[in-house]
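Participant: Each residue of the sequence shown is one higher than the one before, starting from 10 at the first, in this note's numbering. Built from N, CA and C at the ideal position, the CB exists for glycine as well. Keep in mind it's a predicted model, so treat the numbers as computed, not measured. Please read through the structure below; I'll follow up with questions.
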Amino acid sequence: MKKILLLTAITGFLAFSGLTAQAQKDPAMNGQKLGVGVEFGLPVGNFGDVYNLGVGGSLVYQVPVATNLNFTASAGYISFKSKEILGFTNSFGTIPVKAGIRYFFAENFYGGGELGAAFSTEDGGKTAFAYAPGIGVEFPVADKAAIDLGVRYEGWSKNSNTRSFVGIRAAFNFGL
Numbered sequence: 010m011k012k013i014l015l016l017t018a019i020t021g022f023l024a025f026s027g028l029t030a031q032a033q034k035d036p037a038m039n040g041q042k043l044g045v046g047v048e049f050g051l052p053v054g055n056f057g058d059v060y061n062l063g064v065g066g067s068l069v070y071q072v073p074v075a076t077n078l079n080f081t082a083s084a085g086y087i088s089f090k091s092k093e094i095l096g097f098t099n100s101f102g103t104i105p106v107k108a109g110i111r112y113f114f115a116e117n118f119y120g121g122g123e124l125g126a127a128f129s130t131e132d133g134g135k136t137a138f139a140y141a142p143g144i145g146v147e148f149p150v151a152d153k154a155a156i157d158l159g160v161r162y163e164g165w166s167k168n169s170n171t172r173s174f175v176g177i178r179a180a181f182n183f184g185l
């Protein structure tokens, strides 16, 4: 938890210390932006043995902190439904809240990572450490607007147990 707070403090300092720079030349890619997206989670490993596709939504805020480098903060909701076992199914929901960076390798292509927490919405549910490295592309569609398509590996770890999935996100980013 201390590492999460330290990372958040460092990235927050960079975001608001006046080091803000334009990350790309295209107007749709410049400045602060907010993305609203739909999420899909494809469980892998032991998690995939028990659960099917997850579906949800998310918000991602970005602010440039250096050339080609954005600070990101995200929050969302995703629900996974179990596979049918002996005629029974169940589901659970989680609210992941993360902060991280997004580096643009080329004008529209990026890689990045986020760290944070995944809060269970179930009664008696617990909070897990969340981490998510990923890649993606932003397609400008208008002045200060872009379609954002990304894929990531996301893991939620608690008590020596990790639930992991391949996350796919399709979003609309608009400049603030």
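For the beta strand (DSSP E) containing Phe174, name the first residue and the last one.
Facilitator: 170–184
Participant: Spell out a yes or no on whether the stretch 48–58 and the stretch 165–174 are touching, meaning 3 or more CB-CB pairs, one atom from each, closer than 8 Å.
Facilitator: Three or more pairs of CB atoms, one per stretch, sit closer than 8 Å, so the stretch 48–58 contacts the stretch 165–174.
Participant: Determine, using beta carbons only, whether Gly65 and Ser88 come nearer to each other than 8 Å.
Facilitator: yes
Participant: Given that a residue counts as buried once 16 or more other Cβ atoms are within 10 Å of its Cβ, and exposed if not, what is Ala115?
Facilitator: Exposed is the call here.
Participant: Roughly how many whole angstroms lie between the Cα atoms of Gly125 and Ala151?
Facilitator: 32 Å
Participant: How big is the Cα-Cα spacing for Asn182 and Asp58?
Facilitator: 34 Å
Participant: If we count the other Cβ atoms within 10 Å of its Cβ and call it buried at 16 or more, is Asn79 buried or exposed?
Facilitator: Flag for Asn79 reads buried.
Participant: Within its chain, find whatever has a CB closer than 7 Å to the CB of Leu158; leave out the 5 residues flanking it on each side and keep chain order.
Facilitator: Gly145, Val146, Ala179
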